[in-house]
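What follows is a set of notes on a single structure, which appears directly below.
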Amino acid sequence: MAAPTVVMPFLSRLLCRLRITPVRPLYSGRHRVNTLRVEEEKEQPAAPAADMGAEKNLLKQFPAPKNLLHCILSQSLRRSHIKDLLTYIHSGSGSKHRVTLRLKWPKLIEVEGYGPKKIDAERQAAAMACKVLQDLGLFGPNNPGARGDPEATTPVSSRTRSRGSPASRDIPMELSDEDVQAKMALSIFPNPKNLLTSVIQVATSTSSIKDFMHYRHVGGKKKTCHLTLQWPEPMSFVAMGQRWNEAEKKAAALACQSLKDLGLLDQHNKPLTNVAYNRSSVQKLQKQQSQAKTFQVPEPLLKRIEDYFYQFPLETITESSNEYYDDFSYMESSDESRMSSEILDPITSQPFTPLSEAEALHISRSLEERWDSSISLQDLPADHHRQIILSAIKKHQVVVIAGDTGCGKTTRIPRYILEDAILSGHGAHCNMLITQPRRISAVSVAHRVGQELGPSLRGNVGYQVRLESNLPPRGGALLFCTVGVLLKKLQSNQGLEGVSHVVVDEVHERDVNTDFLLILLKQVLDTNQDIKIILMSATGDNERISRYFRNCPIVRVPGFMYPVTAHYINDIVPMLGKKSYQTPQTPEECVPNLELISDVILHIDKHGSPGGILCFLPGWQEIRGVQEILQEQLTYRGGQHLILPVHSNIPLTNQQVIFERPSPGVRKIVLATNIAETSVTIDDIVHVVDSGMHKEQRYDLRTKVSCLETNWVSKSNVTQRRGRAGRCQPGFSYHLFTREQHQAMPTFQVAEILRTPLENLVVQAKIHTPEMTAVSFLSQALESPDRRAVMDAVRFLQEIGVLDENEELTLLGQRIASISTDPSLAKVIVLASIFRCLHPLLVIVACLTRDPFQGGLMNRSKLNKVKSMFSGQTCSDHLAFVRAYQSWKDVLSLGNRTSLENFIEENMLSRSALRFIQGLITQFSSNVEDASLVHRAIECTKGSSLCNQLSDQDELVKGILLAGLYPKLIQVRHGCVVRGKFRPNSLFYKTKSGPILLHKSTVNR
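Per full-length UniProt numbering, the sequence shown starts with residue 1, numbered consecutively.
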């Protein structure tokens, strides 16, 4: 077929442009050329001469008929989707194609077109349809597409129509091609300026769009607007209008149409997400982050490594070297055998040897002579059940004492047992271990029982808690200790030989150590038929405990409490004279209102009856916050007040002050965590303020992460707290939650063993019963933990080298078992001793147990500056601990009290925490000696020791910490997606379990 001999100049130029159009749309001046139209706009071979008559004339009149048809329908109906209004139906084959074009608007129209190709037939049919619509008066004789240069702006006139014609309202009388495109775009995007602004703001994450979009105006009879976009690439659009706003809207509509064609708007013509706009950048970043990171070792260091290997070549294990390792293993196993076979006396911690008959007789007579029955004691409910209790203990190996709050079970029952043994002439064989859940209760109860026994037998009562002890002599001994101390004693005396009675107090609290202890005590019962186990509970599920110990008897002892008037938040707020306070209402809202708590205490101080105030708060930050508010308010109020914080951070000697009565006219205010909830009686407390919250360790099985959370207490906790007010006189309790919230609380706490990580328990299980699997051992618990949680702990210990594939302790695990801390931190200590940088890592591990810094919420900024100063260029929170502690030691050694006080205050350090850390370092040093990692414990803290030869190497210290804490590491990434937005310059922190946030206290924020 011959090509047409005449092609209109404007069509020729248009076709030239279309032939070079790339895959993406191009933007040039005021005209957008879309590649989707390339195929239909290409120059086609002409029809044979015989067929070129009417067809040729129509295609000359409508050179782009399909586009023109689409434009007419879209503009007339004001819609962009018109596929349902026109249909091309193909038929014919070979050299002749026939197309039937069916239009449904403005009425049903069918036309036919013929051509050598399908596109030719479609164009002919479309041209005939355009002619029909022109004849119907839907547009003028000079159609919008029949113009020359695409850059031309000369308007094409249309034929005059009557004002009443419907078409005259849809299509203007005079339309340039630019006007048609702009009006079409405006019909699709009625608010183009707002849409364009939104798209750019979402895509670029900026609130200012001046750098990405600019309108420029040219005046005249018709206003012209030039819109320039810099995103997603430089583009410009021009539109005209009678007013500036009209021209701007048209230009913006053209820009929106371009963004739509680029796929930068969704199907509803709304902006996409920021991530969608930056998909390529996100994918590029993800690819970079998934690639292995490389680092270069400096040449001098490589040379040193090579020299080291040359000097100390790696040997292949030969027969001779095997003999060396066999000898070493023999020495090691012999040493371990000697250590494991040595039984220690649980009372004195000295090697155990049974008393001879003569010794026992002598001690029993001495005890009987010194027993003073004339000492008068306050009458308590337990005194009326003395014989019932003693009878049950004599008849059964295990007894549960269900004693209500205030019955006297904690102090009186150990005394009854000792008195009965002494008066029956067997006092020497009565040696009791009495556990308490907290250090403060172990020490305070020991003092109380000692006082009640009188001066002659006071020395037979002692205590042992972490870092502090006062041990009694064997024979008629009462030793009060924490559960953790008893677990340690069981390692060196699995049958508790030399112990007549084990009393486990407050067993209802169900802490993880107590549940672990109950498993071991069941095993002790099988090997030691003479031992007696007494389990004392206040508000727990005593029937369950009884069933656990083969349905042992339960002796119930009613308590006595003075009446306590309870107030709830609905009663309290009107008392304060304020309209309302923001208080948490749901389990998820668990943040105490410190202003409300302080106002309640101040109200009691001003209007309440005389007596001490005990306030229960979740943690140290809340204690400090309330203390600061009270100190400020009470300073202006006048009068005398004694504000005493009670927390595990505070040394025991300081905590004992809460039991002393203040001077007349002084109001005592005790701010405590739940350590003052049980086994602690403060005689002069009249008012209890209960925030209803406490800290609990929670473990997420899904993320494998544990954290200390603030949670609502149980009904049992509320009862215990209220009981602190009615022990010695009538009292008042102020509960900062509603009665409905109280009713919704669980009856008891969830056992701690069900909500904490189990790594430490698994190690302890392997020490006590190495032949059992961890799952089997912990399945014997009163409430066995989830099997998955146990297996997670086992896998973690295997990953860090503490357990082997058979769940047996490795050599590393045996060393770690001697160190009283978390397995990961114990591994750090072991590695530090090997790499000769022990002391700084002992300091770090101790500081991770107790923070040396102190600061309330109000001075966090100052505290962060202090930490940054100590950290220096190391960017390490851990080395900040080391430098702060060492600086304190240096100032302490000067002996200048004033300088020491100034140093502590200026650097926001806690004197009590530093002393506690010092004690922990001493304890860890003893553990290191027990693990045979050093010859003497004193070497651990001496800078001249071999184990501290490289302690000044900061990078080595950080490297050991990294190796010990693996795989508990944080990966730092540059670039992340936050709430649907791509942040290329933000830092993203991630662990194996998923994304995390850094705490505000770190120097690396």
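Backbone N, C-alpha and C define an ideal beta-carbon position, used for all residues, glycine too.
Length of the line joining the Cα atoms of residue i and residue j
{"i": "residue 688", "j": "residue 732", "result": "6 Å"}
{"i": "residue 256", "j": "residue 218", "result": "22 Å"}
{"i": "residue 444", "j": "residue 656", "result": "7 Å"}
{"i": "residue 28", "j": "residue 1004", "result": "With a pLDDT of 30 at residue 28, under the threshold of 50, the modelled position of that residue is not reliable, and the figure given next carries that caveat. When rounded, the distance between both Cα atoms is 50 Å."}
{"i": "residue 990", "j": "residue 1001", "result": "18 Å"}
{"i": "residue 197", "j": "residue 114", "result": "47 Å"}
{"i": "residue 821", "j": "residue 830", "result": "12 Å"}
{"i": "residue 658", "j": "residue 620", "result": "17 Å"}
{"i": "residue 745", "j": "residue 717", "result": "10 Å"}
{"i": "residue 74", "j": "residue 82", "result": "7 Å"}
{"i": "residue 671", "j": "residue 521", "result": "36 Å"}
{"i": "residue 926", "j": "residue 937", "result": "5 Å"}
{"i": "residue 282", "j": "residue 289", "result": "10 Å"}
{"i": "residue 988", "j": "residue 942", "result": "40 Å"}
{"i": "residue 377", "j": "residue 452", "result": "7 Å"}
{"i": "residue 883", "j": "residue 951", "result": "12 Å"}
{"i": "residue 935", "j": "residue 665", "result": "57 Å"}
Reduced DSSP category for residue i - H, G, I as helix; E, B as strand; rest coil
{"i": "residue 554", "result": "strand"}
{"i": "residue 724", "result": "coil"}
{"i": "residue 620", "result": "helix"}
{"i": "residue 896", "result": "coil"}
{"i": "residue 112", "result": "strand"}
{"i": "residue 429", "result": "helix"}
{"i": "residue 438", "result": "coil"}
{"i": "residue 22", "result": "At residue 22, the pLDDT of 33 sits below 50, so the modelled position is not reliable and the matter cannot be decided from this model."}
{"i": "residue 543", "result": "helix"}
{"i": "residue 641", "result": "strand"}
{"i": "residue 330", "result": "Residue placement at residue 330 cannot be trusted, given a pLDDT of 35 that sits under 50; what the coordinates show is reported in the next sentence. Here residue 330 sits in helix by DSSP."}
{"i": "residue 711", "result": "strand"}
{"i": "residue 309", "result": "helix"}
{"i": "residue 661", "result": "coil"}
{"i": "residue 1002", "result": "coil"}
{"i": "residue 862", "result": "helix"}
{"i": "residue 696", "result": "strand"}
{"i": "residue 351", "result": "strand"}
The ligand ZN heavy atom lying under 7 Å from the CB of residue i
{"i": "residue 547", "result": "Of the ligands one can find in the structure shown there are none, so the ligand ZN has no counterpart to examine."}
Pair within 8 Å by beta-carbon distance, residue i and residue j
{"i": "residue 713", "j": "residue 763", "result": "no"}
{"i": "residue 690", "j": "residue 647", "result": "no"}
{"i": "residue 675", "j": "residue 643", "result": "no"}
{"i": "residue 970", "j": "residue 781", "result": "no"}
{"i": "residue 553", "j": "residue 483", "result": "no"}
{"i": "residue 844", "j": "residue 827", "result": "no"}
{"i": "residue 96", "j": "residue 186", "result": "no"}
Where the alpha helix (DSSP H) containing residue i begins and where it ends
{"i": "residue 1024", "result": "No answer is possible for residue 1024: it lies beyond the span of the chain, which begins at 1 and ends at 1005."}
{"i": "residue 996", "result": "Note, residue 996: premise wrong, no alpha helix (DSSP H); beta strand (DSSP E) at 994 to 996."}
{"i": "residue 795", "result": "787 to 799"}
{"i": "residue 240", "result": "Per DSSP, residue 240 belongs to no alpha helix (DSSP H); it is in the beta strand (DSSP E), 235 to 241."}
{"i": "residue 1007", "result": "Here the chain has residues from 1 to 1005 only, and residue 1007 is not among them."}
{"i": "residue 90", "result": "Looking at the DSSP string, residue 90 is not in any alpha helix (DSSP H); the run it does join, the beta strand (DSSP E), is 86 to 91."}
Residue closest to residue i, alpha-carbon to alpha-carbon, out of the options
{"i": "residue 797", "options": "718, 812 and 231", "result": "812"}
{"i": "residue 494", "options": "532, 344, 503 and 390", "result": "344"}
{"i": "residue 590", "options": "951, 311, 695 and 136", "result": "695"}
{"i": "residue 138", "options": "68, 875 and 186", "result": "68"}
{"i": "residue 131", "options": "388, 119, 117 and 109", "result": "109"}
Range covered by the beta strand (DSSP E) that runs through residue i
{"i": "residue 690", "result": "685 to 690"}
{"i": "residue 462", "result": "461 to 465"}
{"i": "residue 522", "result": "Careful: residue 522 lies outside any beta strand (DSSP E), inside the alpha helix (DSSP H) at 512 to 527."}
{"i": "residue 468", "result": "468 to 470"}
{"i": "residue 537", "result": "532 to 537"}
{"i": "residue 487", "result": "No beta strand (DSSP E) holds residue 487; the alpha helix (DSSP H) holding it covers 483 to 492."}
{"i": "residue 940", "result": "Residue 940 -> no beta strand (DSSP E), and no H or E assigned at all."}
{"i": "residue 216", "result": "213 to 218"}
{"i": "residue 474", "result": "Neither: residue 474 is in no beta strand (DSSP E) and is coded neither H nor E."}
{"i": "residue 98", "result": "97 to 103"}
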